[in-house]
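Since the structure comes first, as C-alpha cells, the remarks are kept for the end.
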Amino acid sequence: MGASDFSRLPHIGESLLRKEDYRFLTGAGQYTDDVVLAAQSHAVFVRSPHAHARIERIRTDAARAAPGVLGVFTGADVAADKVNGLPCGWLITSTNGAPMKEPPHPILAQGKVRYVGDHVALVVAQTQQQARDAAELVEVDYEALPAVVHVADAAAGTTGAVAGAALHDIAPDNHCFKWAIGDRTAVDAAFADAAHVTRLDLLNNRLIPNAIEPRAVIASYQRANDEYTLYVSNQNPHVERLLMTAFVLGLPEHKVRVIAPDVGGGFGSKIFLYAEDVCLTWAAKKLQRNIKWVADRSESFLCDAHGRDHSSHAEMALDEEGRFLALRVHTDANLGAYLSTFASAVPTILYATLLAGPYRTPLVHVEVDAWFTNTAPVDAYRGAGRPEATYLLERLVSRCAWEMGLEQDELRKRNFITSFPYQTPVALQYDIGDYPACMAQAQQLADVAGFAARRAASTAKGLLRGIGYSSYIEACGIAPSNIAGALGARAGLFECGEVRVHPTGSVTVFTGSHSHGQGHETTFAQVVAARLGIAVESVDIVHGDTGRVPFGMGTYGSRSISVGGAAIMKALDKIETKAKKIAAHLMEASDADIDFANGEFSVRGTDKKIPFAQVALTAYVPHNYPLDKLEPGLNETAFYDPTNFTFPAGTYICEVEIDPATGATRVDRFTAVDDFGTIINPMIVEGQVHGGVAQGIGQALMENCVYDRETGQLLTGSFMDYAMPRADDFPDFKLGHVCTPCTHNSLGTKGCGEAGAIGSPPAVINAVLDALRPLGVRDFDMPATPHRVWQAIQQANPSAKT
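The sequence shown maps to residues 1 to 802 in my numbering.
In C-alpha cells form, the structure reads like this:
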C-alpha cells in the first residue's frame, strides 16, 4: 500500500481523543516510582561537591554501621568486580584519521571526580530516609583541582584560569575530536569571489531538560534463575539493556528484562544509559535485594544530561542579488565531563549535515571541535543538533538580509530549494518538500501585511515591536543502518513491530518504539484500525518491555511513526497476505482474486465477501483451513530499516513587543506552519508542536544553565534560579500545515515531535533583534531576558531613557 492510498483510509487524519489519557487523568498511570516490590530497599548516591578533584580517601565505616543500612559501595568495589564504564554509542573520527578520545566513564568515581554531582558512593538502606542519613556519614577527602566549565575556556587550552584543568589522561588538552564535512578549498574560493560576506558569532545556551517525572530506577535480582528485572524511566529499554549487558556488566542479554512503564516526559534526556541504572542492577545481586532510586529535582538539575552549549562562528558568502554562494562554520561543542551515550553524534552528524537548511547553498564547510569540561555530560535534547543548526543558520540568514537591505522573507524566498530530490553539499538528499508554500501560508496566518500598523500602534505606546522569521528543515528517523554505521553508529537504527490478531478479531501490537507523551497508544491504533477495518478500541499497543516486545530502538529523533509505524505497516502487509489466503480458501477462490477493504475480504468480480473477524477466528479454529499450505494463527513480526531520513520542514513567524525602559519582552503573536507529510492525528500533532514551541521560546527568552566559571558550581540548580516558561508567557499559537508525503515510507509521514523546538528560537531572537535594530542593537545571545535586552539597549544607545 502506498502513502497516497494510506492517507485516504478511515481514521487517518482524524483527531481522535487519546486512549491513554483516561488512565492518566484518573490517576491510574503507573510510573516507575509507583512500582513497589517486595522487600524493596532504597538507594542514595553520595555526589561530588567539587567540579574537579582527586579523591584522596573515602571513609564508609560510620555509614555502614548506621541504622537500616544494607550496603555502601564505592569505585573500589566497582573496580574489584571488573565493572566497565558507560559506553558511547557513536564513534567520531577526527580529521587526522584518529578516533575520538574515549576516556573511561566509571559508574562510581575512581581516583577523580569531574563535575559537581559526579557519583562517589552508593548507599542502600531499608528506607529512603535511612539511606539519606547514612550518606551524610560518608566522609570523602578531596584535593581540589582547577576546573574548566566554559567551552571557550576549554578551547583556549591550558592558559589563564584553566591551567592544569585536564579532566582525563587520554585528553590532556581536554580535546575530544576535530571533525569536518564539506569542501573547504571550494568554499574558500567562493568566499574570495563573493560580492558580500556576512559574519556572525553566537552561543547556543546550555539547557536542563526538566522532564516532569524525574529519573527513577528499580532493580531486582532473582537468585532462582539468575535473572534481573530493571524498571526504569527510559525512552528505549532494549538499547538500555544492550548497552548495560554487553558493554558494562557483561551479562547474558536474555537474563535481563528492562521495563519502562509510563514515562512522564523525556525530551531526549531519558535515552541514555546512566550510572544509577547500572549501579542498582549490580548492587541488587550483591545484596540480594530489590533496590529503588528516585532522583530528587536537585539531582535532576545536576546529573541529567544537559543539552545544547555551542559556541560558533559562521560566515555566508552571497552574490550581488543575495543568492547564497557558500557557508563556512566553525563550532566549539561542550561535551561535559564524559561522553554520554550519543553525545558525539549531536554536534556532528545531527548538526553539520543540516546546515544547508532549506536553501540552495552550493558549498558548505563545517568544522567542529569537541571539548571536555567540568560540567554534567551534554547529549541529545529535543531536536539534538537540529535546533543548534537551525538557530545558527536562521540567525545568519536574517543578518544577511538586514545587511543587504532586504526583508527577511525575501532573502529566504530567493534561496529556497524548489526542485526535488535535492542533494545537499553536506551528505543529505532531501526527497521532497515545498518550502515556498510553508512561507506563503505562514505569512497569511501571521497577517504579515498588517505588521506595519501593529508596529505603529506599539510605537504610540512607547514600545518596540519586531518580526522574526525562521525557515527550518530537520532530519528524522536516522537511517539507514549501514550508512549510519559507516558514519560511526554502534547500533542499528531499524524498528520492530509485531501484530498479533486474536481469534475474535481484536489486535495487540508490540512495538519497539516507546511513548513518553507522544500518544502512541492512539496513533498506532489508528494506523492498525485503518488497515484492518476494525474499531480503534479493538487495538491495544504494548511497548516499553523487553520481555514482551521482540526488539526495538526506542523513541527519539521524531522517528516513532515514520520508523516504528512503518515496521507495523510491514507486519500488517504480512497479516493481509496470509489473511487473503485464508479468505480465498473459505470462499473457494484464488488468493490473487481476493481484495481487502473496509474490514472485508471479497472475491473480485463477484458478490462473495466475508468479514475480517471470520478470517481471524478461522486462523485459530482451523477446521476449514488449508493446513497443508498455511500454519494456523495470525501473528506477524516485521523489522523496518529506512532507506533515508525523513525531512520535516516549515516556516515560523514571531512578533514580539519590548518595553525599552525595562527590557521586558512579550511574545505577542506566533505562527508555525509545518510540513510533516501525512498526519495521522491532527490533535496530537498540534499538541506536539505546542510543546516544542513552548520549549523553544523558553530557551530564547529565559532558560539558561549557568556554572560558576571559577568553581564549576551549578548556579542554576533549582527552579528559583532556572526560569521555566509558564502558560501566561505565550500567546495563542496559530498553526498551519503543508503536506508533501514522504516518498520512501508506506505512510508518507515525516515526524513532528521536535519541530517546534527547532524552528522557534531563531524566530523569537530575530524578532527581538528586529525590534531593537532602530536603536543600534546588532546582536546578543540567548536568552533574551529583560536584563540582557535592557543592557543591550544601554550599550548601543547610552542616552536611552532608563
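By construction, the Cβ of each residue, glycine as well, lies at the ideal position given by its N, Cα and C atoms.
Residue of 776, 87, 36 minimising C-alpha distance to residue 289: Relative to the Cα of residue 289, the nearest Cα in the group 776, 87, 36 belongs to 36.
Bridge-paired residues (DSSP) for residue 671: 653, 734
Got a sec? Which residues, its chain only, sit under 6 Å from residue 90 by beta carbon, not counting five neighbours each side? 342, 344, 345, 488, 489
Given this structure, state the Cα-to-Cα distance separating residue 32 from residue 516, to the nearest angstrom. 12 Å
Complete runs of the alpha helix (DSSP H) confined to the segment 424–458 [at least 4 residues]: 435–445
Would you grab the beta carbon distance between residue 11 and residue 530 for me? Rounded to a whole angstrom, and I think it's under 8 Å. 5 Å
DSSP-derived helix/strand/coil call for residue 612: helix
N-terminal and C-terminal residue of the alpha helix (DSSP H) that residue 391 is part of: 386–403
Do you know whose CA, among 549, 112, 473, lies nearest residue 416's CA? 473
Give the DSSP-derived three-state secondary structure of residue 310 in the structure shown. Secondary structure at residue 310: strand, using DSSP grouped into helix, strand and coil.
For residue 369, count neighbouring Cβ atoms within 10 angstroms of its own Cβ and tell me buried if that reaches 16, exposed if not. Buried, by the Cβ-count rule.
Please state whether DSSP places residue 599 in a helix, a strand or coil. Coil, per DSSP.
Residue closest to residue 227, alpha-carbon to alpha-carbon, out of 760, 241, 555: 241
Let's test the definition: count the other Cβ atoms within 10 Å of the Cβ of residue 590 and tell me whether it reaches 16, buried, or not, exposed. exposed
In chain order, each beta strand (DSSP E) run of at least 3 residues that lies wholly inside the segment 480–520: Runs of the beta strand (DSSP E) inside the segment 480–520: 495–501, 507–511.
Going by Cα to Cα distance, which pick from 235, 653, 658, 197 is closest to residue 438? 653
Could you check if residue 212 is buried or exposed, using at least 16 other CB atoms within 10 Å of its CB as the buried criterion? Under the 10 Å beta carbon count, residue 212 is surrounded by fewer than 16 other beta carbons and is classified as exposed.
Helix, strand or coil for residue 766, going by three-state DSSP, please let me know. Of the three classes helix, strand and coil, the one that applies to residue 766 here is helix, per DSSP.
Inter-residue spacing [alpha-carbon to alpha-carbon] between residue 722 and residue 706: 9 Å
Backbone secondary structure at residue 344 - three-state DSSP: coil
Leaving out the 5 sequence neighbours to the left and right, which residues in its chain are closer than 8 Å to residue 8 when beta-carbon positions are compared? none
Let me check understanding here. Comparing Cα to Cα, which of 302, 592, 793 lies closest to residue 47? 302
Coil, strand or helix - residue 105 by DSSP: coil
For residue 801, the three-state DSSP class (helix, strand or coil): Only weak support exists for where residue 801 lies, its pLDDT of 42 falling under 50; the value from the coordinates is given anyway. The answer is coil: DSSP assigns residue 801 none of H, G, I, E or B.
Near residue 699, which residues of its chain fall below 7 Å by C-beta distance, leaving aside the five closest residues on each side in sequence? 205, 207, 761, 782, 783
Cβ neighbours of residue 311 in the same chain (closer than 6 Å, five flanking residues each side left out): 151, 152, 203, 332
Neighbourhood of residue 602 by C-beta, 6 Å cutoff - its chain only, sequence neighbours within 5 removed: 595, 609
Sequence-distant residues of the same chain with beta carbon closer than 8 Å to residue 503, five excluded per side: 616, 617, 619, 620, 621
Give me the Cα-Cα distance between residue 656 and residue 664, rounded to the nearest whole angstrom. A direct Cα-to-Cα measurement between residue 656 and residue 664 gives close to 10 Å.
Just the C-alpha distance for residue 778 and residue 107, rounded to the nearest angstrom, thanks. 46 Å
Considering residue 181, what are the terminal residues of the beta strand (DSSP E) in which it resides? 175–182
Taking 8 Å as the cut-off, does the segment 512–526 touch the segment 675–689 (at least 3 CB pairs, one atom from each stretch)? yes
Measure how close the beta-carbons of residue 638 and residue 574 come, nearest whole angstrom, since I'm counting them as under 8 Å. That pair is a contact at about 6 Å.
What's the gap between the Cα of residue 15 and the Cα of residue 684? 7 Å
How big is the Cα-Cα spacing for residue 559 and residue 751? Near 6 Å, if we compare the C-alpha coordinates of residue 751 and residue 559.
Reducing DSSP to helix, strand and coil, say where residue 159 ends up. Here the model assigns residue 159 a pLDDT of 38, short of 50, so the residue's position is not dependable, and the following value carries that caveat. Reduced to three states, the DSSP call for residue 159 is coil.
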